[in-house]
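In our numbering, the protein residues as written are 16 to 411.
Cβ atoms here follow ideal geometry from the backbone N, Cα and C, with glycine treated the same way.
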Amino acid sequence: MAEDWDLGRLREETAGCEQSAFFNNAGASLQPRPVVARVIEHLRLEEQVGGYEAADRVAAELEGVYGSVARLLHCAPQEVGLFENSTRAWEMAFYSLSFAAGDRIVTAANEYASNYIAFLQVAQRTGAEICVVESDSAGEVDLEALRKLLDDRVKLIALTHVPTNGGLVQPAAQVGQLARESGIPFLLDACQSTGQMHLDVDVLGCDMLCATGRKYLRGPRGTGFLYVRSAMLPHMEPPSLDLHAATWVSQGKFEVRNDAKKFETWESAAATRLGFGVAIEYALALGLKKIERRVQDLAARLRERLAEVEGVTVRDLGRVRCGIVTFTCDGHSPGEVMQRLRAKGIAVRTVERSSTRIDMERRGLDELVRASVHYYNTEAEIERLCEALRSLSVKV
Ligand SMILES: Cc1ncc(COP(=O)(O)O)c(C=O)c1O
């Protein structure tokens with residue numbers, strides 16, 4: 016499966032590959048050298064000429080980042096806003112919608128904690144209700160149950176495409192289809208799917224989508240974006256406005272801009288934003304469909320090999336599974352497994368119950384080990400990880 020990949024070059028361009036077998040791509044991926052170089056180059060320019068003057072010199076490139084996101088999602092640049100992370104992007108979309116007593120927010124069992132906390136806050140403030148759709152036998156959102164729930168009380172469908180705690184890929188396009196048929200806004204948290212899967216907002220049928228730069232896109236930390244469908248923009252009032260989102264046209268009057276930049280603030284980190292643009296172009300040059308195939312093949316192989324290790328239980332749900340692989344090891348807490356692997360130069364992470372509480376409680380799980388693969392991982396690294404887990408159980 017590695018034949019049509021120039022893994023040598025990709026790994027050479029990924030300095031971190033020399034340090035560890037890196038399986039924390041769902042946390043923060045290893046950045047490619049050109050991304051880091053672009054950030055540093057701009058910081059050096061700022062050092063020399065000043066931040067505003069440096070930004071003037073790269074104004075076209077900074078504006079081009081919107082175009083890069085647009086190519087990634089198959090949307091228009093005017094439908095893109097840039098943020099410091101995925102949470103802020105998601106919040107700007109969510110808190111731009113209005114809810115009243117009796118309105119319903121429909122979501123699924125794998126919803127991310129920060130999103131669910133926002134639902135709870137709005138429910139407490141307004142009397143809106145949160146409805147969690149049943150999952151089907153594969154752990155995906157039950158589409159028939161969802162269809163039955165959709166009536167005129169439902170003001171939002173909010174779905175996490177790929178959860179932080181496993182390989183599950185929600186059938187977002189089918190959910191989007193139902194949302195369109197019912198005329199209900201659809202907010203997709205694509206924080207974990209962006210960069211590891213091919214995404215097209217028209218195929219997904221979402222009205223709003225958010226993602227972060229540092230995960231599968233391999234961008235710098237402190238970057239993220241929001242997509243808002245142009246038809247949706249006039250119906251959303253940003254919860255806060257500054258002089259970039261709106262213009263103070265006379266002493267008693269302001270005018271809000273009409274593109275997705277109305278959710279942004281004026282100040283931003285130009286260097287990381289430029290690095291983010293490079294990271295997106297890097298992924299686009301490789302091809303998102305090609306990345307998706309390799310990541311899913313590698314993850315499937317990892318699950319297969321993990322299942323052969325005594326005492327290891329793979330915990331992923333879903334018919335379609337992505338690059339996030341989760342498991343538990345009999346007799347060892349996830350935290351201990353992470354530390355023991357770290358000592359052997361293998362980077363994995365743990366995920367706690369409170370990040371995806373509904374799903375974890377339903378499955379009776381407290382904490383999992385998460386090994387998230389990217390295209391630059393190798394079969395040899397997968398073997399190394401499994402071998403290290405085998406030696407873990409020997410030492411019990
Ligand atoms: C599914 C999901 N949504 C949202 C977020 C939040 O992203 P950020 O930390 O960039 O705000 C995460 C982070 O792990 C996530 O896994």
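_Three or more C-beta pairs under 8 angstroms: does that hold for the segment 169-184 against the segment 329-340?_
Touching, per the Cβ criterion.
*Range covered by the alpha helix (DSSP H) that runs through residue 51*: Looking at the DSSP string, the run of the alpha helix (DSSP H) that includes residue 51 is 48-64.
_So residue 225 and residue 246 are supposed to be a Cβ contact under 8 angstroms. How far apart are they, rounded?_
So it is not a contact: roughly 18 angstroms between Cβ atoms.
_Local Cβ density within 10 Å of residue 379, reported as buried at 16 or more and exposed below that_ = Exposed, by the Cβ-count rule.
*In this structure, does DSSP put residue 331 in helix, strand or coil?*
Residue state, collapsed to three classes: coil.
*asked:* Can you tell me whether residue 199 is helix, strand or coil according to DSSP?
replied: Of the three classes helix, strand and coil, the one that applies to residue 199 here is coil, per DSSP.
_Let's see if you can read the secondary structure: which residues bound the alpha helix (DSSP H) around residue 79?_
From DSSP, the alpha helix (DSSP H) with residue 79 extends over 74-88.
*Please determine, among 394, 311 and 248, the residue with the shortest C-alpha to C-alpha distance to residue 107.*
If we check each option's Cα against that of residue 107, 248 comes out closest.
*Along the chain, where does the beta strand (DSSP E) that runs through residue 342 open and close?*
Unbroken beta strand (DSSP E) run through residue 342: 339-344.
_C-alpha gap between residue 216 and residue 172, whole angstroms_ = Distance from the CA of residue 216 to the CA of residue 172, rounded to the nearest whole angstrom, comes to 15 angstroms.
*asked:* Using only CA atoms, which one of 390, 405 and 403 lies nearest to residue 25?
replied: Closest by alpha carbon: 390.
*Cβ neighbours of residue 306 in the same chain (closer than 7 angstroms, five flanking residues each side left out)*: Here the set comprises 211, 298 and 390.
*Does DSSP put residue 174 in a helix, a strand or coil?*
In this structure, residue 174 counts as strand in the three-state DSSP scheme.
*Just tell me which of 77, 37 and 35 has its CA closest to the CA of residue 291.*
Per the Cα distances, 77.
_Between residue 365 and ligand 1, is there a pair consisting of the residue's CB and a ligand heavy atom that are separated by less than 7 angstroms?_
Answer for residue 365: no, Cβ out of range of ligand 1.
*Name the one or two DSSP bridge partners that residue 150 has.*
Residue pairing by DSSP places residue 150 opposite 156 in a beta bridge.
*What's the C-alpha gap between residue 166 and residue 130?*
Here the C-alpha atom of residue 166 lies approximately 22 angstroms from the C-alpha atom of residue 130.
*Does the Cβ of residue 385 have 16 or more other Cβ atoms within 10 Å, making it buried, or fewer, making it exposed?*
Its Cβ being crowded by 16 or more others within 10 Å, residue 385 is buried.
*asked:* In whole angstroms, give me the CA-to-CA distance for residue 71 and residue 63.
replied: Residue 71 and residue 63: Cα-Cα distance of roughly 13 angstroms.
*Given that a residue counts as buried once 16 or more other Cβ atoms are within 10 Å of its Cβ, and exposed if not, what is residue 406?*
Result: exposed.
_According to DSSP, simplified to helix, strand and coil, what is residue 242?_
Three-state result, residue 242: strand.
*Does the separation of the CB atoms of residue 214 and residue 191 fall below 8 angstroms?*
For residue 214 and residue 191, no; Cβs fall outside 8 angstroms.
_I want to know whether the segment 309-319 touches the segment 354-368 - three or more CB-CB distances under 8 angstroms._
In the pairwise beta carbon analysis, the segment 309-319 is classified as not touching the segment 354-368: fewer than three pairs are separated by under 8 angstroms.
_Inter-stretch contact at 8 angstroms, needing at least 3 Cβ pairs: the segment 87-106 / the segment 266-282_ = A contact exists between the segment 87-106 and the segment 266-282.
*Kindly indicate which three-state DSSP category residue 190 falls into: helix, strand or coil?*
The DSSP-derived three-state label of residue 190 is helix.
*Could you check the C-alpha separation between residue 411 and residue 381 for me, to the nearest Å?*
Any reading at residue 411 needs caution, since the residue's pLDDT is 41, under 50, leaving its predicted position unreliable; the model's value is listed next. The alpha-carbon atoms of residue 411 and residue 381 are separated by roughly 21 angstroms.
_For residue 357 and residue 400, what's the separation of their Cα atoms in angstroms?_
Rounded to whole angstroms, the separation of the alpha carbons of residue 400 and residue 357 is 10 angstroms.
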